[in-house]
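Student:
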Amino acid sequence: METDDNKIDQEDNNLKFRTNKKKDIALLLKKIVLFLILCLIVPILMNAILQLFQMQFDFVRLFKHIFETKTELFFLGSAILLIFYLWLTSLLGNYWVGLTVMLIVTVSTGIANQQKLIFRSEPLYPSDFSMITDLPFLVDMIDIKLVIIMILFIVVSIVFCIWLYKKQKKNIQPFNKKIIGFIRILVLLSTSGMLFYIFQFNQSNNYIRESFYEYAYWTSFSQEVNYDSNGFIPGFLYNLNAPAVEEPQEYSKDNIDSISQKYEKKANEINQTRQGNLDETNIIFIMNESFSDPYALEGMTISDDPIPEIRKQMKNHLAGKVLSQGYGGGTANIEFEALTGISMEPMASSITTPFTQLTTKIKDFPSVPSYLSEKGFATTAIHPFNTSMYKRKEVYTNMGFDTFLSDSTMRYTAKIDQNNYISDQSAYKEVLDQLENSEENDFVHLVTMQNHMDYTGKYPNTEFKAEGSANDMEAINYYQDINNSDKSLKEFLAKIEKFSENSIVVFWGDHLPGFYGNEIMSKNGTVKMHETPLLIYANFKTRANYIDTISPIYFMNYILEKTDSSVTPYYALLYELEDKLPAFEKGVYLENGSEEMLSKREDLSPETLELLEDYDNVIYDVTTGENYLDEYNFFE
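For what it's worth, the numbering used here labels the leading residue of the sequence shown as 1, then goes sequentially.
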């Protein structure tokens, strides 16, 4: 009887085991089916969200983009997001948690892209993610309501994520754990490999790149157009890291040798008439944040001139305009051009921020601080903000600066009214301190912060009034900002005038502010929206004249000319290039002898194109090529 009872118990246990096993398998199959459905829906939904932010919430355009004009590209982009979702899910161990995290990443990216398009007319680049360490600074530039909504969204998402994770964890049976664990490791490894390959998008023979290139229409000179016409994902992939400069057709050791000899000869011709010594003069670069001339724009009504002092100085000294690479932002790119003589124009279109993308390579580039350091100058960079912005601490070291003074190491840090940034007046005191306390001649490079956005609320008692922009409250506070800059510059130049050592100040605005809006932009056109004032001031006798519009790469031409100093073959090339093409950026070419802006290289004269080809070969050699120029004294 006892044996029969044992048999019955054994059979019951076997039945329960088979029943539980079937339930486990059924539950596993249910989870797999649900996961497959999520894999179908989630990437498409996330891509649509990104695209909606890209299109500034235009649902009609979104519908046309997905189902009419760019269907193939949209679903290729969704396939990329599927891989990312699979990677997140396998990493975090739960598809609901993976979905929540992906939603947070997608919405955050979408908001960042939408805000950057509004304020800078530029999309979000992969290189922008390097600025995540400056999150408080970035948040300050976004509407506070948007920030609050975003924080609430993230908090709710995290709470929901934790609840889902705990709930799912209770339902997982031991049988399923082993299978799920094996699948999770397999998916994590395979998707990691796929993502690594995707991030090699701009390398030759990349199959992902070829798939996108079959349907995309790329515009090298405008990434806003790229993102807008092809979609956020294709545009983002297009801007992943790539070789800094595409190889010119004629690049070779023999060609570099020929170029070196050609410009060495031109340098010798220039130097025959030059008797001065560069190392007897202090050189001060002042790149003033968002400094521009409001009177240069049509469509704006302003109560008073905010920059009367610099206007007077520009009549009595060498002055003109700078063609800025950016609008509403891009400070580091204009700085890069001014300090290296390397234009962004020949760079690969995926190189959007050399400071962050080419940080370690910059030490091999020609630069003003390294050139002057070899001549015995004390070289100092001053930026009244933190050292991590655009990786400036590392970049400045690689460029050859001896000293970098930031907000934490400056002696003078006073601010004006409700402005959160250190004033120009304080920054100029720091420059004067450096000039007075160093035994050597100085090269001081100052990048100011006073005029940085946001503007509203900085100056509650401003007397300026303005109409015509997309945000007139921003405008009036901005005009007070540059008025303060104008007064501080007058005070600074008065002290430089009395300074015992010969000194040259190159003052320019890095870009226009980003609040003007589409109406003002369409009235004024591309060139005007990218032109800022340029003043080259000397406290010794020089000829005053107007130089119209130039690119920042040519600043050293005027320093060498004013000091009657000899030039290197590299600067001889820049002299020749400026004579034919005084200002240029991607899609914007202001050629001597042409009354109109040209938008394509092919439209330039043969002589200008020949000079650009020489320039391309030099820039390719030092940034990407074989560094053949190391064998010559091309930059010395």
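Ideal Cβ placement from N, Cα and C applies to all residues, glycine included.
Looking only at C-alpha atoms, which of Leu318, Asp402, Thr448, Met300 sits nearest to Tyr516?
Tutor: The shortest Cα separation from Tyr516 among Leu318, Asp402, Thr448, Met300 belongs to Met300.
Student: Which residues in the same chain as Phe17 place their Cβ atom closer than 7 Å to its Cβ, once the five residues preceding and following it in sequence are excluded?
Tutor: Below a pLDDT of 50, predicted positions are generally treated as unreliable, and Phe17, at 48, falls in that range; no measurement from the model is reported.
Student: Out of curiosity, what's the CA-to-CA distance linking Ile504 and Ile536?
Tutor: Their backbone Cα atoms lie some 7 Å apart in a straight line.
Student: Ignoring anything shorter than 3 residues or poking outside the region 317–360, list the beta strand (DSSP E) runs there in chain order.
Tutor: Segments of the beta strand (DSSP E) lying fully in the region 317–360: 318–323.
Student: Under a Cβ-count criterion, where at least 16 other Cβ atoms within 10 Å of its own Cβ denotes burial, should Leu186 be classed as buried or exposed?
Tutor: Exposed is the call here.
Student: Residues in the same chain with beta-carbon distance under 7 Å from Ala267, minus the five sequence neighbours each way, listed in chain order, please.
Tutor: For Ala267, where only same-chain residues beyond five positions count, the Cβ hits under 7 Å are Val567, Thr568, Pro569, Ala572.
Student: Among Gly98, Phe74, Gln56, which has the Cα closest to the Cα of Gly110?
Tutor: Comparing Cα-Cα distances from Gly110 to each of Gly98, Phe74, Gln56, the minimum goes to Gln56.
Student: Rounded to whole angstroms, what is the Cα-Cα separation between Tyr459 and Met473?
Tutor: If you take the alpha carbons of Tyr459 and Met473, they lie about 11 Å apart.
Student: Touching or not, the region 415–429 and the region 363–375, by the rule of three or more beta carbon pairs under 8 Å?
Tutor: In short, these stretches do not touch, since the Cβ pair count stays below three.
Student: Please report the residue range of the beta strand (DSSP E) in which Gly509 lies.
Tutor: Where Gly509 is concerned, the enclosing beta strand (DSSP E) stretches over 503–509.
Student: When you compare the CB positions of Gly330 and Arg184, do they come within less than 9 Å of one another, or not?
Tutor: Cβ distance not < 9 Å, so Gly330 and Arg184 don't count as in contact.
Student: Nearest-angstrom Cα distance between Asp621 and Pro243?
Tutor: The alpha-carbon atoms of Asp621 and Pro243 are separated by roughly 12 Å.
Student: How about the region 229–239 and the region 608–618: do they share at least three Cβ pairs that are nearer than 8 Å?
Tutor: In short, these stretches do not touch, since the Cβ pair count stays below three.
Student: Please work out which residues of its chain come closer than 7 Å, Cβ to Cβ, to Asp630, disregarding the five sequence neighbours upstream and downstream, and give them in chain order.
Tutor: Excluding residues within five positions, none has a Cβ falling inside 7 Å.
Student: Beta carbon of Phe119, beta carbon of Gly457: below 9 Å?
Tutor: Result no, Cβ atoms of Phe119 and Gly457 do not sit closer than 9 Å.
Student: Between which two residues does the beta strand (DSSP E) carrying Asp548 extend?
Tutor: 546–550 is the span of the beta strand (DSSP E), which, as asked, contains Asp548.
Student: Could you give the distance in angstroms between the alpha-carbon of Phe584 and the alpha-carbon of Ser599?
Tutor: Those two C-alpha atoms are separated by around 10 Å.
Student: Could you check whether Val447 and Ile382 sit closer than 9 Å to each other, using their CB atoms as the reference points?
Tutor: Their beta carbons are under 9 Å apart, which means Ile382 touches Val447 by this criterion.
Student: Between the alpha carbons of Ile83 and Pro354, how many angstroms are there, rounded?
Tutor: Taking the straight line joining both Cα atoms gives about 29 Å.
Student: How would you call Ala216, buried or exposed, if buried means at least 16 neighbouring beta carbons within 10 angstroms?
Tutor: The residue is buried, with at least 16 neighbouring Cβ atoms inside 10 Å.
Student: Need the endpoints of the beta strand (DSSP E) that Asn288 sits in, please.
Tutor: Its beta strand (DSSP E) spans residues 282–288.
Student: Among Asn484, Tyr554, Lys315, which has the Cα closest to the Cα of Ala427?
Tutor: For the residues Asn484, Tyr554, Lys315, the minimum Cα distance to Ala427 belongs to Asn484.
Student: Only counting the same chain, and skipping five residues up and downstream in sequence, which positions put a Cβ closer than 8 Å to that of His317?
Tutor: Within the same chain, His317 has close Cβ partners Leu535, Ile536, Tyr537, Ala538, Thr542, Ala544.
Student: So what does DSSP say about Ile259, is it helix, strand or coil?
Tutor: Looking at Ile259 - three-state DSSP - the assignment turns out to be helix.
Student: Can you find at least 3 beta carbon pairs, one from the region 285–301 and one from the region 480–495, that sit closer than 8 Å?
Tutor: Taking 8 Å as the limit for Cβ pairs, the verdict is that the region 480–495 does touch the region 285–301.
Student: Tell me the DSSP secondary structure of Tyr455 in three-state form.
Tutor: Correct three-state label for Tyr455: coil.
Student: What runs of the alpha helix (DSSP H), each 4 residues or longer, lie entirely inside the region 411–473?
Tutor: Correct list: 424–437.
Student: Since Glu531 is in the alpha helix (DSSP H), which residue starts that stretch and which ends it?
Tutor: No alpha helix (DSSP H) holds Glu531; the beta strand (DSSP E) holding it covers 531–538.
Student: Identify every run of the alpha helix (DSSP H) within the region 60–122, keeping only runs that are complete inside it and at least 4 residues long; order them along the chain.
Tutor: As far as the region 60–122 is concerned, its whole alpha helix (DSSP H) runs of at least 4 residues are 71–92, 95–120.
Student: Just to confirm, is the Cβ distance from Val506 to Phe540 under 9 Å?
Tutor: No, the Cβ-Cβ distance between Val506 and Phe540 is not below 9 Å.
Student: Cutting at 8 Å between CB atoms, please list the residues of its own chain near Asn195, excluding the five before and the five after it.
Tutor: Per the sequence presented here, residue 195 reads as Leu, with Asn not at that position. Once the five neighbours on either side are set aside, the close Cβ partners of Leu195 are Ile83, Phe84, Trp87.
Student: Output the distance between the C-alpha atoms of Ser78 and Ala338, rounded to the nearest integer angstrom.
Tutor: Computed Cα separation, rounded: 40 Å.
Student: Report yes if the C-beta distance between Pro513 and Met449 is below 9 Å; otherwise report no.
Tutor: Against a cut-off of 9 Å, the Cβ pair of Met449 and Pro513 comes out as no contact.
Student: With distances taken Cα to Cα, identify the nearest neighbour of Gly587 among Asn477, Ser190, Glu224.
Tutor: Among Asn477, Ser190, Glu224, the Cα nearest to that of Gly587 is on Glu224.
Student: Taking the alpha carbon of Glu269 as the reference point, which residue from His445, Leu76, Ser565, Val156 has its own alpha carbon closest?
Tutor: Comparing Cα positions, the closest option is Ser565.
Student: Quick check on the DSSP output: the beta strand (DSSP E) that includes Leu590 runs from which residue to which?
Tutor: Segment 588–590, the beta strand (DSSP E) holding Leu590.
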